[in-house]
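Residue numbers (numbering that gives the first Met the number 0), protein chains in the order written: chain A, 0 to 263; chain B, 0 to 260. Each residue gets a CB set at the ideal place from its N, CA and C atoms; glycine is no exception. Below: one structure, written as structure tokens.
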Amino acid sequence: MLQAYFDFIRIRFLTMLAYRLNYYTGILIYSLNIGVNYFTWKAIYGQGESLGGFTASQMTTYVAVSWMARAFYFNNLDREISSDIRDGSIAIQFIRPYNYVLAKMMQGLGEGMFRFMLFMIPGMALAMLLFPVRLPHDPAAWAGFLVMLFFSFLINSQLNVITGLLAFFVENNEGLMRMKRVVVDLFSGLIIPISLFPGWLSAILKLLPFQAITYLPGSVFTGRVQGVGIWNVFGVQLIWFALLLIPLFWLYRAARQRLFVQGG
Amino acid sequence: MYHLGLLSEYLKNYMKTRLTYRADFWVEVISDLLFQVTNLVFIFVIFMHTNSLAGWSQNEVVFVYGFFMVPWGVFACFVNMWNFSERYIVKGEMDRILTRPAHNLFQIFLENVDPPSLIGSLIGLLIMAVSGLNLGLPFEWWTIPALILLTISATGIYMGIYTTLTALSFFSDAPTGIIPLMYNIQSYGRYPVTMYNRAIQVLLTWILPFAFVGVYPAGLFLQREEMTRMALLTPVMGAIAVSIGLFVWSRGVRRYKGAGS
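Here it is, written out as structure tokens:
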């Protein structure tokens, strides 16, 4: 049985590999996004020393690492699930002897592994050539970051699966998916680190799962969070991973009972 | 007249298809606006930590963003060619277009009209009005005509660039992914260009003239002396971009060979 899930990872990885050319422009796009943010922050810092606990050089690294982390954890599971629902092929997948959601997560993982190796690592190399990015020397920061990055992927995929499964209830969830993408980019700290938001807003954001996707791993990697602090922020990620399983299972059960096929 | 008639027919058709998923229509409008709000939030948060961005105040940067939204909304409404290659070339829909009497590019524009985008333009005007009032900008007799002219010119720049890039899919078989790239570069144009390094400034002014869809024309209303000359160049750049776009497009269409079944 386990073998089947491994095959989901493997097949998705190979499929992505077949279309790897598309990802070279992706690397350029992400470098450009880093560029916009880099120049904007440079203009903001001017002669200033530190903003929201970030020095100018930490901010450059944070921006680069956050975008490259996104290059890894990003996937379109929400779109895949909602199109499975809309064209009715989900009915077939439900009666197959595997768990649909788990299979999707595995496919997402296959995609993530591809993105890690052929998108994130070369992208990071390019970003380091173009911008003054400083990587940490502390092995603990590296280890912490890599583990947390994996949990960023898990939490982001959980949110994607939840958004996708909502297509059972709202029929056409195109707008919902776009909304989710914007909310995740803004509130995860990708565009603005959470400590720079006004106090009341960052207080709210600290109670939401999005910070666990970008802000917390980025903070570890730039060295803002060190030592015991790493365990604390990792704990936050673990808690959100566990909490998000609840709506996921609930939606999955409700969806199986509600299934009605619109087309096909 | 014939083309105007077609436009209204297509709009009617559009309304019919959209009204089937009524709730979704509003979710889409809101999600579009939310995206714009993200950018505004970014500006507001930045100015909580600094007083000026390369010599521009918060109200000025917001004003530029407001202007940026206006031509973008018009462009997204009437000249949307996202997914052209998959839909028209890979699936062979271009055959259908070419057998009809109206101009082929015009038909493609019509089939993809997206009126909700115009709501973004309205919000852009509102943002310009509010930040303009905060700045105490004078309202001259030429403000409205200039706004219309610059909006049309900026839309022309978008249209020229995206038509050219879309036409490339006639020449190459593989999807290039160059259009998503452009969507990212254009966001450079909505901030004061002076904050970038020289190479990017030249790129945004003369090669991919995205500075002309945001910061330069807005500079005219903001009475930025250093940008007045560039603002007045906007219609010229628009005309050049549209000509290049139409030229490359017509060359491309000639190369088209049906692909679908």
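For residue j and residue i, the rounded distance between their alpha carbons
{"i": "V269/B", "j": "L146/B", "result": "Only positions 0 to 260 of chain B appear in this structure, which leaves residue 269/B out of reach."}
{"i": "W205/B", "j": "R197/B", "result": "12 Å"}
{"i": "T49/B", "j": "L180/B", "result": "30 Å"}
{"i": "M58/A", "j": "I161/A", "result": "32 Å"}
{"i": "G47/A", "j": "V146/A", "result": "33 Å"}
{"i": "Y187/B", "j": "W71/B", "result": "14 Å"}
{"i": "V129/B", "j": "R19/A", "result": "47 Å"}
{"i": "P318/B", "j": "R228/B", "result": "Residue 318/B is absent from the model: chain B starts at 0 and stops at 260."}
{"i": "F24/B", "j": "Q35/B", "result": "17 Å"}
{"i": "Y9/B", "j": "P100/B", "result": "15 Å"}
{"i": "Y144/B", "j": "G218/B", "result": "As written in the sequence, residue 144/B is Pro, which differs from the Tyr given in the question. In a straight line, the C-alpha of P144/B is about 16 Å away from that of G218/B."}
{"i": "E92/B", "j": "E85/B", "result": "9 Å"}
{"i": "A254/A", "j": "L206/A", "result": "28 Å"}
{"i": "R69/A", "j": "M105/A", "result": "18 Å"}
{"i": "A268/A", "j": "Q57/B", "result": "For chain A, the structure presents residues 0 to 263; residue 268/A sits outside this window and is missing."}
{"i": "G135/B", "j": "E59/B", "result": "11 Å"}
{"i": "N159/A", "j": "S30/A", "result": "24 Å"}
{"i": "I10/A", "j": "L215/A", "result": "31 Å"}
{"i": "R223/A", "j": "P197/A", "result": "19 Å"}
{"i": "A42/A", "j": "T150/B", "result": "28 Å"}
{"i": "F93/A", "j": "M15/A", "result": "24 Å"}
{"i": "S242/B", "j": "F83/B", "result": "20 Å"}
{"i": "G263/A", "j": "D83/A", "result": "Its pLDDT being 47, under 50, G263/A is placed unreliably in this model, and the value from its coordinates should be taken loosely. Using only the alpha carbons, I get a separation of about 11 Å."}
{"i": "F74/B", "j": "A55/A", "result": "37 Å"}
{"i": "F209/A", "j": "L32/B", "result": "20 Å"}
{"i": "L50/A", "j": "L237/A", "result": "28 Å"}
{"i": "I193/A", "j": "A17/A", "result": "37 Å"}
{"i": "K179/A", "j": "E139/B", "result": "42 Å"}
{"i": "L195/A", "j": "T142/B", "result": "37 Å"}
{"i": "I156/B", "j": "L245/B", "result": "12 Å"}
Enclosing alpha helix (DSSP H) for residue i [first to last residue]
{"i": "Y157/B", "result": "142-170"}
{"i": "L200/A", "result": "198-204"}
{"i": "H2/B", "result": "1-19"}
{"i": "R95/A", "result": "First-last for R95/A: undefined, no H or E at that position."}
{"i": "V235/B", "result": "224-254"}
{"i": "L142/A", "result": "Residue identity check: residue 142/A is Ala in the sequence provided, not Leu. Where A142/A is concerned, the enclosing alpha helix (DSSP H) stretches over 138-164."}
{"i": "A126/A", "result": "120-129"}
{"i": "W277/A", "result": "Residue 277/A is absent from the model: chain A starts at 0 and stops at 263."}
{"i": "N32/A", "result": "21-44"}
{"i": "R133/A", "result": "First-last for R133/A: undefined, no H or E at that position."}
{"i": "T59/A", "result": "55-72"}
{"i": "L108/A", "result": "99-114"}
{"i": "F186/A", "result": "173-186"}
{"i": "E209/B", "result": "The amino acid at residue 209/B is misidentified as Glu; the sequence shows Phe. No alpha helix (DSSP H) contains F209/B, which DSSP labels as neither H nor E."}
{"i": "V201/B", "result": "197-201"}
{"i": "V219/A", "result": "214-220"}
{"i": "N183/B", "result": "177-184"}
{"i": "L189/A", "result": "Run containing L189/A: none; DSSP gives neither H nor E here."}
{"i": "Y187/B", "result": "That residue, Y187/B, is in no alpha helix (DSSP H); it is neither H nor E in DSSP."}
{"i": "M15/A", "result": "1-17"}
{"i": "D83/A", "result": "76-85"}
Rounded Cβ spacing between residue i and residue j (contact assumed at less than 8 Å)
{"i": "F67/B", "j": "R189/B", "result": "4 Å"}
{"i": "Y37/A", "j": "F130/A", "result": "5 Å"}
{"i": "N74/A", "j": "G122/A", "result": "Incorrect: roughly 16 Å between the Cβ atoms, too far for contact."}
{"i": "P191/B", "j": "W55/B", "result": "5 Å"}
{"i": "Y72/A", "j": "G111/A", "result": "7 Å"}
{"i": "T213/A", "j": "S151/A", "result": "7 Å"}
{"i": "V69/B", "j": "G123/B", "result": "4 Å"}
{"i": "L252/A", "j": "A166/A", "result": "Inspection of the sequence shows that residue 252/A is occupied by Arg rather than by Leu. Not quite, the Cβ-Cβ distance comes to about 16 Å (not below 8 Å), so this is no contact."}
{"i": "E79/A", "j": "G174/A", "result": "Contact doesn't hold; Cβ gap of about 17 Å is too wide."}
{"i": "A166/B", "j": "V247/B", "result": "5 Å"}
{"i": "G251/B", "j": "F170/B", "result": "6 Å"}
{"i": "F144/A", "j": "V219/A", "result": "5 Å"}
{"i": "N98/A", "j": "N183/B", "result": "At roughly 37 Å, the Cβ-Cβ gap does not stay under 8 Å, so N98/A and N183/B are not in contact."}
{"i": "V61/B", "j": "I160/B", "result": "Not quite, the Cβ-Cβ distance comes to about 25 Å (not below 8 Å), so this is no contact."}
{"i": "S13/B", "j": "V78/B", "result": "According to the sequence displayed, residue 13/B carries Tyr and not Ser. The Cβ separation is near 15 Å, so there is no contact."}
{"i": "A53/B", "j": "M194/B", "result": "4 Å"}
{"i": "Y4/A", "j": "G217/A", "result": "With 8 Å as the limit, Y4/A and G217/A do not qualify as a contact, their Cβ atoms being about 30 Å apart."}
{"i": "C76/B", "j": "S116/B", "result": "4 Å"}
{"i": "Y64/B", "j": "I42/B", "result": "6 Å"}
Closer than 7 Å: residue i CB and nearest the ligand ATP heavy atom
{"i": "I26/A", "result": "This structure does not include the ligand ATP; it has no bound ligands of any sort."}
Of all the beta strand (DSSP E) runs that stay within the bounds of the segment 78-135 of chain B, which reach a length of 3 or more residues? The segment 78-135 of chain B contains no complete beta strand (DSSP E) run of 3 or more residues.
Where are the alpha helix (DSSP H) runs, 4 residues long or more, that stay fully inside the segment 47-79 of chain B, in chain order? 57-77
Should the segment 88-98 of chain A be regarded as contacting the segment 225-232 of chain A, the criterion being three or more beta carbon pairs within less than 8 Å? no
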